[in-house]
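Taking it in order: structure first as structure tokens, then the write-up.
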Amino acid sequence: MGKKILLEHINVPGINTLEVYRQKGGYASVEKALKTMAPDAIVEEVKKSGLRGRGGAGFPTGMKWSFLAKPEGVERYLVVNADESEPGTFKDRYLMERIPHILIEGMITASFALGAKTSCIYIRGEYFYVSRILEAAIAEAYAAGWLGKNILGTNFSHDIFVQVGAGAYICGEETALLESLEGKRGNPRIKPPFPAVAGLYGCPTVVNNVETIASVPYIVMNGGDEYAKIGIGRSTGTKLISASGHINKPGVYEIEMGITVEDFIYSDEYCGGIINGRKLKAVVAGGSSVPILPADLILKTEKGEARLMSYESLSDGGFASGTMLGSGGFMVYDETTSIVKNLYTFARFYHHESCGQCSPCREGTGWMEKILHRIVEGHGKPGDVDLLWDIQRKIEGNTICPLGDAAAWPVASAIRHFRKEFEEYINHPERIKDVKHYYSVHQLASV
Amino acid sequence: MPKVTIDGQSIEVPDGTTILQAARMIGGENVPPAMCYHSKLKTSGGYCRTCIVKVSKGSDKDPRPMPKLVPSCRTTVMDGMEVQNNTSPEVLEARRGVVEFLLINHPLDCPVCDQAGECHLQDLGYENGAANTRYDFKRRKFKQIDIGPYIKLHMTRCIMCFRCVKVADQITDNRVHGMLNRGDASEISTYIENVISNDFSGNVIDVCPVGALTDRTFRFKSRVWFTKPMDAHRNCTKCSGKVTLWEKGEEVLRVTTRKDKWGESEEWICNECRFEKKHINDWVVEGPRHIDPHSVISLNHYENVAAKLKLDIAKQQKQLASKK
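Chains A and B supply the protein sequences, listed in that same order. The numbering of the first sequence is the working numbering, which starts it at 98 and goes up by one. The numbering of the second sequence is the working numbering, which starts it at 9 and goes up by one.
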């Protein structure tokens, strides 16, 4: 069994209540931080821990915290990004639903380190019931004196608010999230300035993912060096992976970074192998935005080394033969899956979620969806694949926020690795309609 | 003062200058085109992505190149920065891509569009666009809306530059229009087709780079290149009163703000000057307006005619001289 940090007590009955959470050592980090540590020392520990942002980009958290501008007399804010909307990712929901206090504990400690009097959880609209759970937990924490004025008799006071979004994917982008939090339309801002300088209401703000903040208590309690021992290389610590798709045991798993992908898919501890004993066809390793990889490249890198579940190993080979760890939305496809149809679903999603501010994403995502729709329906034209390739290339990197990239990468990777399948769709539309030839996901269930 | 080099030409500019502004100071062929940037509107720019450039050297302090192409209208220059615009094939290709994206849902109805001749998108398409479209789906369409007695909104032509939104935010006291919906279904609209009835609302027409917002008092009266622009002024209690009159014969067909070389308004004018003073006697005419010859709008204007005549005369004199 690998080391568990976040999900260690997940199965303890009543862990969602403060009482049980306290019995299991909860809120000790708040006590330790407030009474014995200086704020800068906590930032230093987080730096040493090598903790990286768990929302997808993997930016070192300690660095992000140290970038926070600290002008005199200006409020600072911590905002927790719980707008978990990446298709294939559901780890934050699980964490907040089952063990909400770990997030609140992390927020208090992190806010103390950052000098923030107020922090905020921005949670997506679809998680409305989770916001109720969080609010109940926050009320418990207020009642027990972990939140409010002069926590534990120190000078530090802190308030946490929960804000429910309306369910737009774009509001997971940090600046769009801040706009939405301010009560405006959730459009990404043009950077610079970065939130660390001018974020929520123009004040310095740190935006962190739920899982990142939930990892802070362990680092404070055990020290950054101890945390850095877990994992491999620059991918330290544990990571929650939301495994879904054609596997025997879908669910949320906490892994120690550095286990092999093969282990993760086939071992009984984790995914438990492919459903019905079929062959693996492809994997999207980190949520729908990251490049899809065929079975041979996901299990072994191009150099022939075993691929590991870590930031570095998954991105080995760049986008030509690698992918990204992203937010840990691990989607597994067996041999009956149509990559083209899967891509169409993704493209439809990005088209629907584009905010419409900048031209390449607004127009390009819709165009790609229309072409893919045509191909899936059997009306593809020769040259469509090249056209798709060209469109994604012109979106990538030319947009205000990463949604453009997120829309372009799946298209690029699917064409790069499965071009033949696209051509099959275009050249032999009659074969697509033959159910025996291409199982759809629905038909699989009845097999 | 930071020094920036754009396509090999260097210039020293004040702190806080953007790459686009610096390029405009240098002038000439290497100025990136811009659709959504407007020099008189704060926080404008960054949306259309036509002005993207490549920063091949960040600054003297940190010479690393920037990893992506950057919008020149929103990127401030650093000392020692080196920028590639027309010299970078990557930039030109990306820009062609942006132009294609802007045009795929555009109706291309220039022959019946009032903006034709002074349309930034037309100029942009002419300079950076492709001859053919690769988009063979149905184009997006919206209903035309009259917003108030003076302004027509034709969303189908809109490119989402947000300049009209910024005008309402920054020079009128109450914004009643904005962006509705999302992605490629998003549109500029008023709340439940409210009337924009602010004294300065007419300026949204001037900042619209395309034919999405047009002047209802001028629609279909004349093609712009058949009208003569004249600078004029009057004593106005609300605005500066400095305008451009667009005349045909003795008639004033429309009144607009004075636009600079980049097609951007110099000073805002009120609706009274714009829509109600359409008689030559209302105005003190100063003289012909200089129109930058890059656009079709400058055709037929006597300054150019005079310039052309001068050239012709010089040519003929040369010929005569060579004959002797």
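For glycine and all other residues, C-beta sits at the position ideal for the given N, C-alpha and C. Treat the numbers as computed from the prediction; the structure is a model and nothing was measured.
Query                                                                                                                                                                                     : Result
When you check each C-beta in the segment 22 to 49 of chain B against every C-beta of chain A, which residues fall closer than 7 Å?                                                       : none
Could you tell me whether the segment 164 to 172 of chain A touches the segment 317 to 330 of chain A, where touching means 3 or more Cβ pairs closer than 8 Å?                           : no
In this structure, does DSSP put residue 305/A in helix, strand or coil?                                                                                                                  : strand
Where DSSP assigns a beta bridge to residue 185/B, which residues make up the other side?                                                                                                 : 198/B
Suppose the cutoff is 7 Å on Cβ atoms and the five residues either side in sequence are ignored; what does the same chain contact list for residue 228/A look like?                       : 220, 259, 261
Taking only three categories from DSSP, how would you classify residue 501/A?                                                                                                             : helix
So, at 7 Å on beta carbons, what are the nonlocal neighbours of residue 347/A in its own chain, with the 5 sequence-adjacent residues on each side left out?                              : 340, 341
Along the segment 103 to 132 of chain B, what residues have a CB closer than 7 Å to any CB found in chain C?                                                                              : The structure shown contains no chain C; the protein chains it does contain are A and B.
What does residue 77/B reach in chain A if we use C-beta pairs closer than 9 Å?                                                                                                           : 494, 495
Exposed or buried, what is residue 476/A when buried is set at 16 or more other beta-carbons lying within 10 Å of its beta-carbon?                                                        : exposed
Going straight from the alpha carbon of residue 177/B to that of residue 456/A, what length do you get?                                                                                   : 22 Å
List the residues of chain B that residue 287/A touches, going by C-beta distances under 7 Å, in chain order.                                                                             : 54, 82
Contact criterion: CB-CB distance below 7 Å. Does residue 188/A meet it with respect to chain B?                                                                                          : no
On a CA-only basis, which of 149/A, 522/A, 308/A is nearest residue 471/A? Give me that one, please.                                                                                      : 522/A
When you compare only the Cα positions, how much space is there between residue 196/B and residue 78/B?                                                                                   : 26 Å
Using 10 angstroms around the beta-carbon of residue 143/A, count the other beta-carbons present and answer buried if the total reaches 16, otherwise exposed.                            : buried
How would you write the range of the beta strand (DSSP E) that residue 391/A sits in, first residue to last?                                                                              : 389 to 391
So which residues of chain A does residue 192/B contact, with C-beta pairs closer than 8 Å?                                                                                               : 448, 451, 453, 459, 460, 462, 463
Could you spell out where the beta strand (DSSP E) holding residue 105/B opens and where it closes?                                                                                       : Note, residue 105/B: premise wrong, no beta strand (DSSP E); alpha helix (DSSP H) at 97 to 112.
Excluding the 5 residues preceding and the 5 following residue 128/A in the sequence, name in chain order all residues of the same chain whose CB lies nearer than 8 Å to its CB.         : 249
Ordered along the chain, which non-local residues of its own chain (more than five positions away) have a Cβ less than 6 Å from that of residue 17/B?                                     : 34
Per the DSSP calculation, residue 260/A is bridged to which residue(s)?                                                                                                                   : 219/A
I need the DSSP call for residue 322/B, collapsed to helix, strand or coil.                                                                                                               : helix
Give a yes or no on whether the C-beta atoms belonging to residue 362/A and residue 343/A are separated by under 7 Å.                                                                     : no
Using C-beta distances below 8 Å, list every residue in its chain close to residue 192/B, excluding the 5 sequence neighbours before and after it, in chain order.                        : 113, 148
Using only the alpha-carbon positions, how far apart do residue 349/A and residue 299/A sit?                                                                                              : 36 Å
Does any CB atom of chain A fall closer than 7 Å to the CB of residue 57/B?                                                                                                               : yes
May I have a chain-ordered list of the alpha helix (DSSP H) segments no shorter than 4 residues that lie completely inside the segment 291 to 369 of chain A?                             : 307 to 311, 313 to 319, 321 to 326, 358 to 363
Can you find a C-beta in chain B that's less than 7 Å from the C-beta of residue 456/A?                                                                                                   : yes
What residues of chain B sit near residue 491/A, judged by a beta carbon separation below 7 Å?                                                                                            : 102, 105
State whether the segment 460 to 470 of chain A contacts the segment 416 to 432 of chain A, with contact taken as three or more CB pairs (one from each stretch) at a distance under 8 Å. : no
So is residue 324/B buried or exposed if we call it buried at 16+ other beta carbons inside 10 Å?                                                                                         : exposed
Take residue 295/B and list the residues in its own chain whose beta-carbon comes closer than 8 Å to its own, dropping the five residues that flank it on each side.                      : 238, 239
Below 8 Å between beta carbons is the criterion; list the residues of the segment 462 to 483 of chain A that meet it against any residue of chain B, in chain order.                      : 462, 463, 464, 467
Please name the residue, chosen from 215/B, 93/B, 81/B, that lies closest to residue 15/B on a Cα-to-Cα basis.                                                                            : 93/B
Starting from residue 11/B, follow its DSSP beta bridges and name the residues at the other end.                                                                                          : 20/B
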